[in-house]
Amino acid sequence: WDTIVEQLPVIDSVPDSMEGEVREMRARLARLSNVNPDAPREYEEAAERYEFLFTQSEDLEAASADLQKVIKELDDRMEIELRRTYDAVGKEFTRFFQKLFNGGTAHLELTDPENISQSGVEIIARPPGKRPQSLALLSGGERSLAACALIFAILHVSPTPFCVLDEVDAALDEANVDRFRTTVEELSQDTQFIIVTHNRRTLEGANTIYGITMGNDGVSRVISLRLDGDRMVKHDESADSADLQAIEEEIQL
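Under the numbering used here, think of the first position of the sequence shown as 975, with each following residue one higher.
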């Protein structure tokens, strides 16, 4: 810029005919303010940065599209698997319900059939001699059996290494306990059951029995036991007889 200025000819005076044009040019220069001599270099840097960010943006958009495609495929696969599992569990649930109740029928219903991945599941049960109703309207024993039927259905479709049941037989009568125990024995071929119970009829189906008792010192003790006729016999001869008696009193003999 300085070189260009130096090369310009020196004019001592401006012709009258050009005064107006000169004033206009000066006004335009004033409006331009100061000229940034680094503008070309800054423009090149900005253009290079823009090109880099534009390329990155295209890469991110392509990656996002690929990710959305994978998510869609997983969602579709998940829906297929959920539907398959739901149908299989529903079929087995009906079978186990009829077995545990010695009749009647029950089925599962989706609260939102059009969106199975977000849907809840309701149990509609009809015990023998009753009309179909939701789980909340059943008696305590009926709810226990219905819940067991659902657990057993899931285990039958997809067995797990072990299953813990905590006093699920507490509200059951003898006939229902017998059917419950028989079903557990059937499923125990693939799943190990750990059952907390006070019911002797449930204990009769156990391969191993452990009694839990608490002495006067407030410390819980575990005793290995077995059934011998009408009596509970300890495997561990070092166990206190008082502990054994306390366990027998807790069990429905």
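Ideal Cβ positions, reconstructed from N, Cα and C, are used throughout, including at glycine.
Among residues of its own chain, excluding the 5 on either side of residue i, which ones have a beta-carbon nearer than 7 angstroms to its beta-carbon?
i     : result
T1171 : E1141, D1143 and L1177
L1084 : I1090, S1093 and V1095
V1131 : T1059, A1062, V1063 and E1066
L1027 : none
A1120 : F1071, A1080, I1097, A1099, L1109 and L1112
Closest to residue i by C-alpha separation, out of the options, would be which residue?
i     : options                       : result
G1115 : L1146, P1102 and Q1163        : L1146
C1122 : V1131, T1134, L1139 and Q1107 : L1139
P1135 : L1119, Q1163 and E1148        : Q1163
L1199 : Q1166, A1180 and G1192        : A1180
E1148 : I1197, F1075, V1131 and S1194 : F1075
Q1166 : F1026, N1150 and P1133        : P1133
S1118 : P1102, N1150 and G1103        : N1150
L1082 : D1012, S1108 and P1102        : S1108
G1185 : V1196, D1191 and G1192        : V1196
T1182 : N1190, S1194, E1159 and G1189 : E1159
Suppose the cutoff is 8 angstroms on Cβ atoms and the five residues either side in sequence are ignored; what does the same chain contact list for residue i look like?
i     : result
A1039 : none
D990  : none
I1168 : F1136, C1137, V1138 and L1139
P1102 : F1075, N1076, G1077 and G1078
P1087 : S1093
D1271 : For residue 1271 there is no data in the structure shown, the boundaries of the chain being 975 and 1227.
N1010 : E1016
V1193 : none
Got a sec? Which residues, its chain only, sit under 6 angstroms from residue i by beta carbon, not counting five neighbours each side?
i     : result
R1100 : G1078, T1079 and P1106
E1032 : none
L1227 : Caution applies to L1227, whose pLDDT of 44 falls short of 50 and renders its modelled position unreliable; the model cannot decide the point.
M992  : none
M1188 : S1194
L1006 : none
Who pairs with residue i in a beta bridge, going by DSSP?
i     : result
I1186 : V1196
I1169 : L1139
Task: Whole runs of the beta strand (DSSP E) within the segment 1049-1108, excluding any shorter than 3 residues - done: 1079-1084 and 1095-1100
Task: Meets three-Cβ-pair contact criterion under 8 angstroms: the segment 1175-1192 and the segment 1151-1167 - done: yes
Task: Cβ contact (3+ pairs, closer than 8 angstroms) linking the segment 1070-1083 and the segment 1121-1140 - done: yes
TODO: Say whether the segment 1045-1061 touches the segment 1083-1096, bearing in mind that this needs 3 or more beta-carbon pairs closer than 8 angstroms, one atom from each stretch.
DONE: yes
Open item on the list: Which runs of the alpha helix (DSSP H) at least 4 residues long sit entirely within the segment 1112-1149? Give them in chain order.
Closed with: 1114-1131
- [ ] Output the residue ranges of the beta strand (DSSP E) runs that lie fully inside the segment 1011-1046 and measure 3 residues or longer, sorted by chain position.
- [x] none
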